[in-house]
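Worksheet: the structure to be examined is printed underneath.
There are 2 protein chains.
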Amino acid sequence: MNTAYADLAARQLRSWRFIHLQSIAQWDQAANMPPAGNEARSLALAELDSLLHGMATDPALPALLAAAEAEPLDALQRANLREIRRAWRSANALPASLVSAKTLANARCEHAWRSQRPANDWAGFAPNLREVLALARQEAECLSQSSGLSRYDALLDLYEPGMRSSEVVRVFGALRTWLPGLIRDVVAHQAAETVVQPVGPFAVDAQKALGRDVMQLLGFNFEAGRLDVSTHPFCGGVPEDVRMTTRYREGDLLQALMGTIHETGHGRYEQGLPRELLGQPVARARSMGLHESQSLSFEMQLGSHPAFAGLLAPLLVKHFGAQPAFEPGNLHRLLTRVSPGLIRVEADEVTYPAHVILRFEIERALIEGEAEVDDVPALWDAGMQDLLGQDTRGNFKDGPMQDIHWPSGAFGYFPCYTLGAMYAAQWFAAMRRERPQLDADIAAGRLGVVFDWLSSHIWQSASRYETPELVQRASGEPLNPAHFEAHLRSRYL
Amino acid sequence: MNTAYADLAARQLRSWRFIHLQSIAQWDQAANMPPAGNEARSLALAELDSLLHGMATDPALPALLAAAEAEPLDALQRANLREIRRAWRSANALPASLVSAKTLANARCEHAWRSQRPANDWAGFAPNLREVLALARQEAECLSQSSGLSRYDALLDLYEPGMRSSEVVRVFGALRTWLPGLIRDVVAHQAAETVVQPVGPFAVDAQKALGRDVMQLLGFNFEAGRLDVSTHPFCGGVPEDVRMTTRYREGDLLQALMGTIHETGHGRYEQGLPRELLGQPVARARSMGLHESQSLSFEMQLGSHPAFAGLLAPLLVKHFGAQPAFEPGNLHRLLTRVSPGLIRVEADEVTYPAHVILRFEIERALIEGEAEVDDVPALWDAGMQDLLGQDTRGNFKDGPMQDIHWPSGAFGYFPCYTLGAMYAAQWFAAMRRERPQLDADIAAGRLGVVFDWLSSHIWQSASRYETPELVQRASGEPLNPAHFEAHLRSRYL
Ligand SMILES: [Zn+2]
Ligand SMILES: [Zn+2]
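So the sequences go chain by chain: C and U. 1 is the number of the first residue of the first sequence in the working numbering; add one for each residue after it. 494 is the number of the first residue of the second sequence in the working numbering; add one for each residue after it.
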């Protein structure tokens with residue numbers, strides 16, 4: 001008998017069905033909604049939030065959780081119960097007054113930031129960020145008390161369950177030792193290369209058709225998903241109906257193309273989640289870092305692989321006619337240009353981790369109380385000098401004001417990007433050990449071997465294991481930054 | 494103090510926000526959703542239905558309704574309270590067991606009908622329809638007991654509040670006396686006309702662009718709505734964000750065009766509802782018949798007006814180049830061809846009411862227990878002989894099996910189509926009394942005078958008055974079929 005467990009599972013299924021409607025309404029808001037619909041949509045979504053919050057904080061849950069933990073459950077049910085308790089803990093750790101204060105302060109700060117950033121107005125931004133930080137510290141303190149983790153770890157655990165900052169420090173510390181030198185070497189190495197730029201304009205309809213062809217090549221199931229347009233590309237919807245978006249510019253072919261490949265990785269992870277127990281937490285994607293490991297497996301490991309350029313080139317010619325830039329060797333050079341810069345979202349594969357390390361170090365110090373908002377510009381500049389040789393003094397808009405994460409109160413998220421890049425390198429290293437002919441497979445378009453590996457090692461596991469255990473099971477070892485280093489050295493030097 | 498009323502209004506607003514999400518998810522299901530998403534979507538929508546049903550049947554409501562009725566309310570609040578009580582009554586009139594039996598039987602009958610209709614399988618269909626009818630009679634009986642109306646009137650009141658079948662009999666009875674003769678006269682009159690058919694194909698993208706131009710001409714606000722594609726065109730969404738759909742065929746230009754004009758009438762009604770009290774029942778569209786009076790005001794009164802062809806012709810030429818069929822006189826003849834046939838949804842403005850009268854007479858007899866399912870084919874054939882001179886013996890698929898309404902259990906809906914056509918004729922007769930130069934206005938493209946009249950007399954009233962009172966206030970008299978007759982005679986003879 002597992003009456004309490006069955007009750008909890010039924011509640012999860014009910015929430016999941018409301019989350020389905022939430023996902024579709026949010027996707028619609030980004031991809032379809034005309035401007036005058038925004039206010040009503042926001043109110044409708046807030047009403048649904050409040051319903052879901054009520055379900056997640058139902059006073060009956062603690063007794064049900066305790067009763068279910070004493071019931072005879074199989075391993076999958078036990079993993080599901082662990083995830084149900086984790087979600088319950090984070091939904092109930094914060095007093096209602098803190099939740100509403102956070103919502104208000106984050107919305108105010110983010111709203112003002114949208115005009116303060118272009119105006120480079122750090123002085124206007126800092127007091128708002130101070131308020132957001134004060135509440136994020138309170139949040140971290142509450143989560144820390146209920147989970148027993150350190151404050152920053154308690155936030156990190158929201159995005160990457162089971163990951164600890166000591167582990168992030170270990171792997172990022174390794175990166176820090178070799179990354180700045182590697183960047184210099186790669187830039188020097190590429191200085192001698194000749195790269196032919198694509199000549200546009202590239203009609204948006206043709207770019208869309210190309211995107212669809214590439215998604216087909218990458219195994220996206222259009223019976224269970226769509227590709228549309230939004231200002232900020234994302235992958236939404238539900239596993240049964242994945243809603244991907246891209247953004248097109250007539251002058252820039254490769255940005256939308258690689259964005260589409262990236263989101264296809266997120267989309268296939270969702271489409272590949274196990275149908276057994278669908279709607280239960282154990283059947284959902286594991287974490288933000290794991291999700292990013294899928295998009296980066298597609299965009300970087302596979303999509304920027306030298307042999308993949310040979311698969312892309314004929315599709316580019318099909319949709320835009322032949323031109324010298326589409327020659328596979330040149331295409332690969334285009335897709336792997338390295339150039340240190342100020343902006344994270346424009347960074348290449350090699351310099352991206354430097355942006356993330358910088359943010360992780362600063363936000364951890366902020367949350368742990370070792371730094372204050374006023375210290376941020378100096379910390380930022382020192383880090384950018386050190387990691388990327390960039391001077392950012394006085395340039396707040398392309399410095400600590402560039403990301404939406406802090407103004408919206410999302411501390412603890414940044415490490416996931418680079419953890420994802422490291423996981424992805426580790427997956428492909430494991431694949432190559434199992435299948436030494438992997439590069440020949442890719443060159444021959446036998447991409448199924450990649451998808452099958454990801455499906456059986458990552459997608460099908462969903463949230464059965466916490467991240468460190470999943471990494472160990474999938475790749476036979478804990479997170480190991482040596483694979484990421486080896487990947488970058490072999491691709492870029 | 495109106496504490497109980499305020500409580501009721503807050504509950505309505507909360508429901509309305511969930512209905513917003515329901516409308517968008519339903520629109521998405523029809524316009525966007527890939528096939529594999531259907532099962533999860535249906536389950537999510539069923540969960541939302543059950544939430545809304547729980548809110549509508551909350552045991553606290555009867556006491557709140559009684560308390561609110563004793564509170565000091567202004568006229569608008571009182572009208573809102575009347576609508577809240579009406580919705581409460583219909584949501585609570587049926588025992589839960591009947592609701593679920595109906596859902597099951599209707600789904601089973603409709604599902605089987607989808608293959609039985611093309612197979613002309615009346616023998617297979619009849620037993621399912623008998624079950625659906627038995628439950629519809631029980632529903633009518635329950636609604637009748639809670640409202641004090643006759644059984645058929647209780648169903649009719651779900652779609653056209655305040656309308657009674659005695660009134661429908663009165664106006665349809667008038668129609669019955671002159672319609673068959675008028676149809677014969679029009680057919681004879683048109684026999685001598687020469688009509689040039691448009692020469693296609695008409696590219697779907699150009700049809701879409703034409704549709705958008707026509708919607709602009711008709712004042713649709715694209716800041717608060719969209720036009721998309723679905724198999725069955727409809728107008729969904731919410732007043733702040735109206736989601737219209739059309740269907741295109743390369744071989745048939747006018748069908749999508751007139752369908753778009755029709756749905757634009759529905760859409761402008763929704764966009765024109767008062768923003769004051771939005772989310773309350775009093776601020777919603779009045780009824781199905783009133784809604785259809787708006788779509789038919791746009792499609793028939795305005796869109797098929799001889800002078801409107803002069804506005805359409807340049808848009809057709811803009812998108813498809815000049816051709817003889819687009820000459821305004823010819824275009825008007827194309828849009829007003831009359832031809833008796835078997836199928837309601839393909840019927841023209843003149844023969845359409847005959848299809849509706851037939852269905853009304855049969856469904857009323859079925860609900861009141863004066864006829865049984867086995868009587869339907871003979872009743873159908875007699876009616877079609879009588880009204881349209883058509884022999885339907887043995888042809889069930891183009892006879893009583895042609896509509897989705899009965900297999901899905903929607904008895905009481907059919908009269909709304911022709912009530913809508915009559916209301917529309919009555920609106921334009923009232924407009925012409927107030928503004929004798931109306932036809933010259935239309936010819937000159939001064940369509941704002943039409944929209945302003947509809948806005949101030951219909952849209953802004955929303956559900957403040959029950960239908961008969963709204964008709965009286967808008968046009969100065971009760972529903973009067975003479976206006977519809979005069980409209981048809983002047984346009985078609
Ligand atoms: Zn991503
Ligand atoms: Zn209609």
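Don't be surprised by glycine CBs; every beta carbon is placed ideally from N, CA and C. Quick caveat, the model's predicted, so the values are computed rather than measured.
Around the beta carbon of P817 (chain U), fewer than 16 other beta carbons sit within 10 angstroms, so the residue counts as exposed.
According to DSSP, L227 (chain C) shares a beta bridge with C:M244.
At a cut-off of 8 Å, the C-beta of P528 (chain U) has a neighbouring C-beta in chain C. In this structure, the beta-carbon distance from L311 (chain C) to L217 (chain C) falls below 8 Å. Listed as beta-bridge partners of G730 (chain U) by DSSP are U:V735. Collapsing the DSSP output to three states places R742 (chain U) in a strand.
When 7 Å is used as the limit between beta carbons, V238 (chain C) is near these residues of chain U: A533, in chain order. In the structure shown, G712 (chain U) adopts coil according to DSSP, grouped into three states. CA-to-CA, the gap between E299 (chain C) and I261 (chain C) works out to about 5 Å.
A direct Cα-to-Cα measurement between Y417 (chain C) and L179 (chain C) gives close to 16 Å. For the region 215-226 of chain C, the residues whose beta carbon sits under 8 Å from a beta carbon of chain U are, in order, N221, F222, E223, A224, G225 and R226.
Proximity annotation: ligand 2 has residues U:H755, U:H759, U:E785 and U:S788 in chain order, each selected because its CB is closer than 6 Å to a heavy atom of the ligand. In the displayed model, D49 (chain C) falls within a helix according to three-state DSSP.
Fully contained in the region 573-604 of chain U is no alpha helix (DSSP H) run of length 4 or more.
The C-beta of D706 (chain U) comes no closer than 8 Å to any C-beta of chain C. Contact between the region 366-379 of chain C and the region 417-436 of chain C is absent, with fewer than three C-beta pairs closer than 8 Å. Put simply, the CB of H546 (chain U) is far from chain C, with every gap to its CB atoms at 8 Å or more. Taking the Cβ atoms as the reference, L143 (chain C) lies roughly 17 Å from S100 (chain C), outside the contact range of under 8 Å.
When DSSP states are grouped into helix, strand and coil, T753 (chain U) belongs to the helix group.
Around the beta carbon of N531 (chain U), fewer than 16 other beta carbons sit within 10 angstroms, so the residue counts as exposed. With a cutoff of 8 Å on beta-carbon distance, V214 (chain C) and Y248 (chain C) are scored as not near each other. Comparing alpha-carbon positions, the option among U:V661, U:L554, U:A524 and U:S535 lying closest to Q505 (chain U) turns out to be U:L554. In terms of Cβ geometry, M244 (chain C) and G272 (chain C) do not form a close pair [threshold 8 Å]. Residues of the region 259-286 of chain C with a C-beta less than 7 Å from any C-beta of chain U: none at all. In this structure, C:A140 is the residue among C:A10, C:E110, C:A36 and C:A140 with its C-alpha nearest to the C-alpha of I367 (chain C). One finds M526, P527, A529, G530, A533 and R534 in chain U with Cβ atoms closer than 8 Å to the Cβ of D241 (chain C), taken in chain order. By the rule that beta-carbons nearer than 8 Å mark a contact, F511 (chain U) touches chain C. Residues of chain U whose Cβ lies closer than 7 Å to the Cβ of R14 (chain C) are, in chain order, E540. Within the same chain, E785, S786, L789, M793, E842, Y845, P846 and F977 come within 8 Å of A914 (chain U) by CB-CB distance, once the 5 residues on both sides are set aside. Less than 8 Å separates the beta-carbon of Y498 (chain U) from that of E564 (chain U). Sequence-distant partners of G693 (chain U) (beyond 5 residues in either direction) whose C-beta falls short of 7 Å from its own C-beta, in its chain, are E743, G744 and L746. In this structure, I836 (chain U) and L668 (chain U) do not form a Cβ contact; the two beta carbons are roughly 20 Å apart against a cut-off of 8 Å.
The Cβ of D28 (chain C) sits closer than 8 Å to at least one Cβ of chain U.
Between R286 (chain C) and L470 (chain C), the gap from beta carbon to beta carbon is short of 8 Å.
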